[in-house]
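Colleague: Can you read through this structure? Questions will come right after.
Protein chains: 2
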Amino acid sequence: MNDKKRSIVESALNLFYKKGIHAVGINEIITVAGVAKKTLYNHFKSKDELILATLKYRDQLFMDWLTQQLNKAELGKDALLALFEALDDWFNGRVQGLGEFKGCYFINTSAEYGHFNRQIYSACKEHKDKIKALVQVHVDSFEENAQKNALLVDTICLLKEGAITTALVQRNLASAQNANAIVENILRFKR
Amino acid sequence: MNDKKRSIVESALNLFYKKGIHAVGINEIITVAGVAKKTLYNHFKSKDELILATLKYRDQLFMDWLTQQLNKAELGKDALLALFEALDDWFNGRVQGLGEFKGCYFINTSAEYGHFNRQIYSACKEHKDKIKALVQVHVDSFEENAQKNALLVDTICLLKEGAITTALVQRNLASAQNANAIVENILRFKR
DNA sequence: GCAATAATAGACAACATGGTCTACTTTTAT
DNA sequence: ATAAAAGTAGACCATGTTGTCTATTATTGC
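First to last, the sequence lines map onto chains A and B. Here the working numbering is used: the first residue of the first sequence is 1, the next is one more, and so on. Here the working numbering is used: the first residue of the second sequence is 1001, the next is one more, and so on.
Written out as structure tokens, the structure reads:
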């Protein structure tokens, strides 16, 4: 990816994430990116295409970070708890690369667009599917009973989404710690 | 509340909920409401004030419905399970009054506005606080241990938020059933 | 060195936005 | 019946929106 192009995507993502997509205009983006309007439309043929690029970019950023956090812990239960510790870091501004916490970019974008724009919706869904797949790997490593396995994956994913939403809407920045405590209890029972 | 005023609020809410707030203009609202622009600005001195009115209206609508659903069940564990059955009805379009499911209006609005507009943010937070208080009542009826009590309330609220978000973003309309199964397991353990 | 490519600033078009205002009509209360 | 209040349609304003286009300047690859 070109330098200019990357600068445009980064600036757009930062603004979209902070203020919401509809609230940010092209002119603001090019000002922040320090780029001419023609340059932007040279790389992206519409705002929608730029939005998709920010979703892709954020997905990479987020997945790289999360995968790295989980890999620090041991495969299985430890990694699952590390997931919620990572979330806690994120909510409380201890993760440089993700910017000041303002909820999940993909949930926010879904909330703004719903299922109206198929491509945008798909990008958001795919991001969540990836995370679920990551959780699945770790649950698979110790839970062989298919039914219990599925239930545990669902539980963890629901708690994760709930923690993100609660941190945003209720401004409860401890929600990841709460979720962590819940998961710890569940995993302990499973011994 | 005046007939015209109610019509404006209802139309605005329907449009905002379906398309997102920034995506809907005043002109569209007055057209749908069948009302002159002056009439709208007679009742509300700005779009922001109208947004707040829709939040208040939806809060009443939703809380009335939810309270009624929980009251059908017995105080305590039954009511908590009824909560997730109610969510399942909502997600799958079996609740007339709430319109076609498009996520939680308060989460969506928070996602669009963040903490930028204090009044809007507060209205969203207060709605969630009310629901949490409702859950609290039922947990209080059978769980006297303070720590377990708090943990259970958190669990239920996180699962609820997670189910709503997952139903929207992943288009997983069974998420409330999943959450229900999880809560059932937890409550059974508590015997 | 020089042609091709990519960047620049910014004018411009066409339309949408929130909000105000005028001139007129209907509804309501007494 | 009549005066006050609340409604109507829609012109209008200033600004903001996405997107195009021109004319000029840097940056490339060969």
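Beta carbons are placed, not taken as given, at the ideal position from N, Cα and C, and that holds for glycine. A quick note: this is a predicted structure, and the numbers were derived from the prediction, not measured.
Run the CB neighbour count on residue 1060 of chain B, radius 10 Å, all protein chains shown included, and call it buried at 16 or more, exposed below.
Modeller: Exposed, since its Cβ has fewer than 16 Cβ neighbours within 10 Å.
Colleague: If we ignore side chains and look at the alpha-carbon of each, how far apart do residue 1152 of chain B and residue 158 of chain A end up?
Modeller: Between residue 1152 of chain B and residue 158 of chain A, the C-alpha separation is close to 15 Å.
Colleague: Could one say the Cβ of residue 1029 of chain B lies closer than 8 Å to chain A's Cβ atoms, at least one of them?
Modeller: Not one chain A Cβ lies under 8 Å of residue 1029 of chain B.
Colleague: Flag residue 127 of chain A as yes when its Cβ comes closer than 7 Å to any non-hydrogen atom of the ligand ADP, and as no otherwise.
Modeller: As presented, the structure is devoid of all ligands, the ligand ADP included, so that no description of it is given.
Colleague: The alpha helix (DSSP H) spanning residue 122 of chain A covers which residue range?
Modeller: Note, residue 122 of chain A: alpha helix (DSSP H), 118–140.
Colleague: Please go through the region 68–98 of chain A and give each complete alpha helix (DSSP H) segment of 4 or more residues, from N-terminal end onward.
Modeller: Listed in chain order, they are 77–91.
Colleague: Counting only C-beta atoms, is residue 161 of chain A closer than 8 Å to chain B at any point?
Modeller: By this cut-off, residue 161 of chain A is an interface position.
Colleague: Using CA coordinates, which residue listed in A:51, A:79 and A:144 is at the minimum distance from residue 122 of chain A?
Modeller: Out of A:51, A:79 and A:144, A:51 has the C-alpha closest to the C-alpha of residue 122 of chain A.
Colleague: Return the CA-CA distance between residue 1187 of chain B and residue 1082 of chain B, expressed in angstroms with no decimal places.
Modeller: Taking the straight line joining both Cα atoms gives about 13 Å.
Colleague: Residue 170 of chain A lies in the alpha helix (DSSP H); which residues open and close that run?
Modeller: Per DSSP, residue 170 of chain A belongs to no alpha helix (DSSP H) and is neither H nor E.
Colleague: State the CB to CB distance for the pair residue 1046 of chain B and residue 1029 of chain B, rounded to an integer number of angstroms; the pair is presumed to be in contact (CB under 8 Å).
Modeller: Not quite, the Cβ-Cβ distance comes to about 13 Å (not below 8 Å), so this is no contact.
Colleague: Does the contact criterion of 3 or more C-beta pairs under 8 Å hold for the region 1110–1117 of chain B versus the region 91–104 of chain A?
Modeller: With a cut-off of 8 Å, the region 91–104 of chain A and the region 1110–1117 of chain B count as touching, because enough Cβ pairs lie within range.
Colleague: Can you tell me which of A:77, A:79, A:148 and A:128 puts its alpha carbon nearest to the alpha carbon of residue 1171 of chain B?
Modeller: For the residues A:77, A:79, A:148 and A:128, the minimum Cα distance to residue 1171 of chain B belongs to A:128.
Colleague: Using a Cβ cut-off of 8 Å (strictly closer), state whether residue 1181 of chain B contacts chain A.
Modeller: Yes, contact with chain A.
Colleague: Could you check what DSSP says for residue 178 of chain A in three-state terms: helix, strand or coil?
Modeller: It is helical.
Colleague: For residue 32 of chain A, tell me which candidate among A:22, A:178, A:16 and A:165 has the shortest Cα-Cα distance.
Modeller: The shortest Cα separation from residue 32 of chain A among A:22, A:178, A:16 and A:165 belongs to A:16.
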